[in-house]
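Start counting the sequence shown at 3; every next residue gets the next number (the numbering used here). Note that CB positions come from ideal geometry on N, CA and C, so glycine has one too.
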Amino acid sequence: MVLRRITDTVTRGIEDSIESVSEALFDPVIRLGVTGLSRAGKTVFITSLVSNLLHRGRMPQLRAAAEGRILSAYLQPHPDHRMPRFAYEDHLNALLGPNPSWPSSTRSISTVRVSMRVSQSGLLRGLSGPRTIHLDIVDYPGEWLLDLPLMSQSYGEWSDAAFKAARAPSRAAEAEKWLATTAEVDAGQPLNETVANSLAGTFTDYLAATRKAGLSSVAPGRFLMPGDLEGSPALTFSPLPKPEKPASGSLWRTFEKRFESYKRVVVEPFFRDHFARFDRQVVLIDTLGALSAGPQAVEDLRVAMSEILACFRPGRNSWLSQILGRRIDRILIAATKADHVHHSQHARLAATTESIVAAARDRARFSGAKTESMAIASVRATVEQTIQRNGAEVGVVRGRLSQTGEYAASYPGELPANPSNLLLPARNGDAAWDGTSYRVADFDPPVLDLKPDEAPPHIRLDRAAEYLFGDRLS
Ligand SMILES: Nc1nc2c(ncn2[C@@H]2O[C@H](COP(=O)(O)OP(=O)(O)OP(=O)(O)O)[C@@H](O)[C@H]2O)c(=O)[nH]1
Ligand SMILES: [Mg+2]
């Protein structure tokens with residue numbers, strides 16, 4: 003019996019490795035990472051992309067689709083059974099029902115495999131038959147990337163940086179309670195779990211409040227996006243001022259240990275097992291949302307995006323560059339929800355996004371990854387209209403407003419031709435935009451009466467797909 007089980011295991015092991023060898027040899031796999039900060043639009047993007055790959059009528063800019071070379075596309079179970087499956091069907095059903103709703107918020111990593119039978123282009127077409135190409139799309143919170151800098155920081159350094167950030171004027175109100183709780187604690191005293199919980203709790207509340215105020219830079223990522231670590235001791239710590247000589251068993255030493263184990267047990271496995279395996283990456287960014295929250299939200303978004311993009315160009319001797327198995331050679335930075343503004347403003351939306359990420363993007367480009375920015379809408383929830391306003395024609399969008407459920411036109415304001423008009427006040431820490439405001443309405447998803455072979459309407463999702471993996475379908 004025992005022998006039989008061992009042989010079974012060995013055979014299965016061999017079969018598994020044969021499967022992965024044959025897959026590696028014959029069926030190319032494209033691993034596409036989809037990230038962005040919370041509410042950036044990751045789930046809607048993946049749901050619409052998968053649907054539009056399965057039914058390609060709205061994908062003229064994806065060359066392989068336009069040339070009729072994608073003979074079929076279908077969903078397959080992912081070979082790595084440990085990875086949670088992206089709930090594509092649930093998310094699509096939410097969008098397509100008679101009372102459509104946006105998919106619910108996701109908190110962790112998940113994946114879906116779209117397999118395509120593709121015939122080759124040009125001369126090769128006649129020479130070899132179609133082949134199967136797997137596209138593995140991985141949804142993961144951008145907040146998790148904000149943890150990379152922790153890998154090179156000690157607990158003391160991280161604490162100092164966190165206190166400095168919390169004392170910035172834009173965070174003072176949100177940080178007040180946590181700083182007051184910290185001030186009452188003697189970090190050199192022996193650990194007391196009640197005190198530890200109250201520190202970690204007020205610290206997490208502070209991070210959540212800054213996020214709610216529209217600020218983006220809120221590491222450690224798992225405090226707000228715990229995934230399956232909710233309530234775990236790995237997350238029960240917070241920054242502390244360092245006492246003179248902290249004894250072992252003191253609060254400070256315990257938090258130092260927990261910080262180190264957070265790095266080892268949480269941060270490192272994510273980068274090693276997932277991040278290091280991507281070929282292509284799309285970073286979604288809600289530029290319009292930040293504009294409506296004000297200059298400080300734009301500045302905070304700029305800082306968070308530079309931390310996120312730094313992960314794609316690790317220094318040669320850094321911890322990350324040593325574990326990177328493959329290299330991400332294309333990054334798309336996509337401003338989502340472009341259907342919130344008239345198409346006449348899309349170029350300015352892309353330019354504004356481009357300047358928010360400019361410095362970080364240039365560094366990524368320098369290290370060999372190709373990058374591009376574009377304005378997209380994964381699901382188009384509005385129609386466009388031109389109205390007369392003070393004698394001039396103005397392009398507006400019209401849709402069902404989430405707040406009231408009524409159809410109405412919306413004009414969020416005119417984006418400036420020169421993005422530095424936005425970035426400078428943001429850098430200066432101005433509290434509001436000078437003489438203007440951006441008010442971006444939330445729209446419900448459109449009521450779609452799709453035929454079984456149709457996918458949701460979008461803006462430039464096909465161009466995004468062509469950039470991200472079109473070259474791999476030839
Ligand atoms: N109009 C419009 N709204 C969108 C679009 N994509 C996303 N949204 C809005 O943005 C919200 C967040 O989108 P999600 O796709 O759930 O964002 P996410 O990044 O997965 O968010 P988390 O899972 O919470 O991290 C949605 O509920 C919609 O209100 C789009 O293409 N058009
Ligand atoms: Mg999501």
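Rounded separation between residue i and residue j - CA only
| i | j | result |
| --- | --- | --- |
| Trp146 | Val267 | 13 Å |
| Leu51 | Leu152 | 33 Å |
| Arg279 | Ile32 | 10 Å |
| Leu475 | Tyr469 | 11 Å |
| His342 | Ser404 | 13 Å |
| Ile139 | Val284 | 10 Å |
| Asp446 | Ser106 | 13 Å |
| Gly415 | Ala443 | 11 Å |
| Lys453 | Arg133 | 28 Å |
| Asp10 | Val305 | Unreliable positioning characterises Asp10 in this predicted model, as indicated by a pLDDT of 39, which lies under 50. The coordinate reading is nonetheless provided below. C-alpha separation (whole angstroms): 53 Å. |
| Tyr264 | Gln155 | 12 Å |
| Leu326 | Glu408 | 49 Å |
| Ser40 | Pro143 | 7 Å |
| Asp162 | Ala466 | 40 Å |
| Ala221 | Asp29 | 38 Å |
| Ala353 | Leu424 | 11 Å |
| Ser123 | Arg441 | 46 Å |
| Gly472 | Leu231 | 37 Å |
| Asp18 | Asp331 | Its pLDDT being 45, under 50, Asp18 is placed unreliably in this model, and the value from its coordinates should be taken loosely. Near 29 Å, if we compare the C-alpha coordinates of Asp331 and Asp18. |
| Ala164 | Ala340 | 34 Å |
| Leu293 | Ser130 | 51 Å |
| Pro245 | Glu258 | 12 Å |
| Val385 | Val359 | 29 Å |
| Glu91 | Asp281 | 25 Å |
| Met376 | Ala182 | 44 Å |
| Ser478 | Val36 | Summary: the structure shown does not reach residue 478, with the chain confined to residues 3 through 476, and so no result is reported for it. |
| Thr196 | Leu217 | 29 Å |
| Met364 | Thr355 | The sequence given here has Asp at residue 364, not Met. C-alpha separation (whole angstroms): 13 Å. |
| Arg429 | Tyr157 | 28 Å |
Within 8 Å, strictly: CB atoms of residue i and residue j
| i | j | result |
| --- | --- | --- |
| Val187 | Leu253 | yes |
| Leu64 | Val116 | no |
| Leu303 | Ile378 | no |
| Asp288 | Gly99 | no |
| Ala68 | Met118 | no |
| Pro421 | Ser357 | yes |
| Gly190 | Ala96 | no |
| Leu351 | Ala362 | no |
| Ala210 | Leu226 | yes |
| Leu137 | Ala457 | no |
| Glu176 | Thr204 | no |
| Arg87 | Val120 | no |
| Gly431 | Glu301 | yes |
| Ile48 | His276 | no |
| Gln387 | Arg400 | yes |
Residue i - partner residues in DSSP beta bridges
| i | result |
| --- | --- |
| Pro192 | Ser252 |
| Met118 | Ala75 and Ile135 |
| Phe489 | It is not possible to answer for residue 489, since the shown part of the chain is limited to 3 through 476. |
| Gly35 | Val140 and Gln283 |
| Ala433 | Ala433 is not bridged to any residue. |
| Gln387 | Val398 |
| Arg332 | Arg282 and Lys372 |
| Thr113 | Arg87 and Val140 |
| Ala410 | Gly401 |
| Ile325 | Paired residues: none, contrary to the question. |
Cβ shell of residue i (< 8 Å), same chain only, five flanking positions each side left out
| i | result |
| --- | --- |
| Trp160 | Leu152, Pro241 and Phe261 |
| Asp207 | Lys179 and Trp180 |
| Pro228 | Arg109, Ser234 and Leu237 |
| Pro2 | Limits of the chain in this structure are 3 at one end and 476 at the other, which puts residue 2 out of reach. |
| Ala433 | Gly296, Pro297 and Gln298 |
| Asp455 | His57 and Gly59 |
Sequence-distant residues of its chain with Cβ nearer than 7 Å to residue i (five each side left out)
| i | result |
| --- | --- |
| Tyr413 | Val396 and Val398 |
| Ala202 | Leu237, Thr238, Phe239 and Ser240 |
| Val269 | Asp149, Leu152 and Met153 |
| Ile333 | Gln283, Val285, Phe314, Ala366, Ala371 and Thr373 |
| Val46 | Trp104, Pro105, Ser380 and Val381 |
| Ile461 | Ala340, Asp341, Ile378, Ala379 and Arg382 |
Close beta carbons around residue i, own chain, < 6 Å, minus the five adjacent residues each side
| i | result |
| --- | --- |
| Gln298 | Ser172 |
| Gly223 | Glu145, Trp146, Leu148 and Asp149 |
| Ala410 | Leu403 |
| Leu198 | The residue asked about is misnamed: residue 198 is Ala in this sequence, not Leu. The answer, listed in chain order, is Thr238. |
Any chain B beta carbon closer than 8 Å to residue i
| i | result |
| --- | --- |
| Ser103 | The structure shown contains no chain B; it holds only a single protein chain. |
Contact set, ligand 2 heavy atom to C-beta under 5 Å: Those residues, listed in chain order, are Lys44, Thr45 and Thr108.
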